[in-house]
Each structure stands twice: as structure tokens, then as C-alpha cells.
Amino acid sequence: MLRLITIWLDLCLLRLGPQDLPASRVLLMLSLAAYVLISFALSLPGYPSAVAAQMAGVDMVLLVVFVTAPLYLLNKTARIGQTLTALAGSGALLGLLALPVIRVLFEGQDSGEVPPFAAMVWLILFGWSLLVVAHIMRHALSVAFAVGLGVAILYTLVAMQVIGTLFPAETN
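Below you can see the structure in the form of C-alpha cells.
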């Protein structure tokens with residue numbers, strides 16, 4: 025397990041690319057399971073557990089489609105497993121770091137006072153996440169970093185829109 029976390033950390037620190045990961049179905053499944061679990065935990069402060077589970081499932085499907093579609097279109101299907109492993113694993117690790125921040129933000133939102141420090145940390149984690157996705161997609165698609173960043177931003181916007189449409193926030 026420590027080796028798995030080390031791999032994910034190296035991805036998050038931009039020291040590894042998806043091509044550096046072993047093409048392992050077990051590693052892919054562990055990474056996707058961790059991604060779904062963390063996605064579920066991140067949704068819990070704002071949604072009931074059944075809705076949070078659905079959101080985590082949709083999030084994973086979006087990730088799979090986001091990776092599979094461009095790699096299939098560019099005839100780079102051999103890279104799908106490693107790219108999914110890299111994105112899911114790094115997403116799980118960054119999500120784990122975001123868990124306490126999300127809790128603080130939701131508690132602050134309930135009380136009407138969002139702590140500025142928590143908001144700043146969330147923005148840093150969000151930016152870091154975009155950079156990690158851009159780095160991974162740059163390698164997977166064999167494109168310039170700017171193109172990878174564009175793909176990362178596009179994916180983030182589409183995912184936010186789809187999840188926001190399917191699971192609108194409850195207003196009190």
C-alpha cells in the first residue's frame with residue numbers, strides 16, 4: 025500500500041507520468057476504487073449518502089469517458105489503462121488532502137462565515153489538481169503542456185456542469 029501511495033505522490037509532484045506506471049489491471053482497480061471512495065467522502069458534507077454515492081459513480085464514469093474518448097480518437101488505446109490509473113490515483117490522493125478543507129468550508133458555509141485560509145487552501149489544491157491532470161494528459165496525448173492544461177480545464181468545466189446539473193445543490 026505504501027508503494028501505491030508513493031506512486032500517486034510522485035504523479036502529484038509531476039515526477040512521474042502515466043507511462044511510468046506499470047500496466048496493471050490490479051493497480052487500475054485499486055486506483056479507481058480509491059478515487060470513488062474519496063469522491064464519495066468529498067460529497068458527504070453537502071449531500072445525503074445515497075446521493076453522494078451516485079455522484080461518485082458519475083464522477084468515475086466521466087473520468088473514464090474523458091480518458092478513453094481522446095485516446096481512442098488518437099489511436100493511442102494502449103495508454104488508456106495507465107492514464108486512468110494515473111488520473112484516478114493522483115485524484116484520490118489530492119482528494120484525500122482536500123477532505124479536511126472541504127469539511128471546514130461546508131461548516132463555514134452553514135454558519136455563514138467561510139474561513140479565508142480554508143478557501144485559499146482549497147484554491148491551491150484545485151490549481152494543483154489542474155496542473156496534475158494537465159501533466160498526465162500531456163504525456164498521454166503526446167502534446168504540449170498548454171494543450172494538456174486546456175484539456176484539464178475543459179474536463180473540469182464539463183464535469184462540474186454535468187454533476188451540477190444531475191445533482192443540484194439544495195437551497196435552504
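The opening position of the sequence shown corresponds to residue 25 in our numbering, with each subsequent residue numbered one higher.
Here a beta-carbon is modelled for each residue, glycine too, at the ideal position from N, C-alpha and C.
Under the three-state reduction of DSSP output, V75 falls in the helix class. DSSP places F191 in no alpha helix (DSSP H); its state is neither H nor E. In the DSSP assignment, T109 falls within the alpha helix (DSSP H) that extends over I104 to S135. Annotation: L129 to M25 spans about 30 Å, alpha carbon to alpha carbon. Assignment of M161 by DSSP, reduced to helix, strand and coil, places it in the helix class. A Cβ-Cβ distance of about 7 Å is found for the pair L173 and L154, placing them in contact under the 8 Å criterion.
By the beta-carbon neighbour count (other beta carbons within 10 angstroms, threshold 16), M84 is buried.
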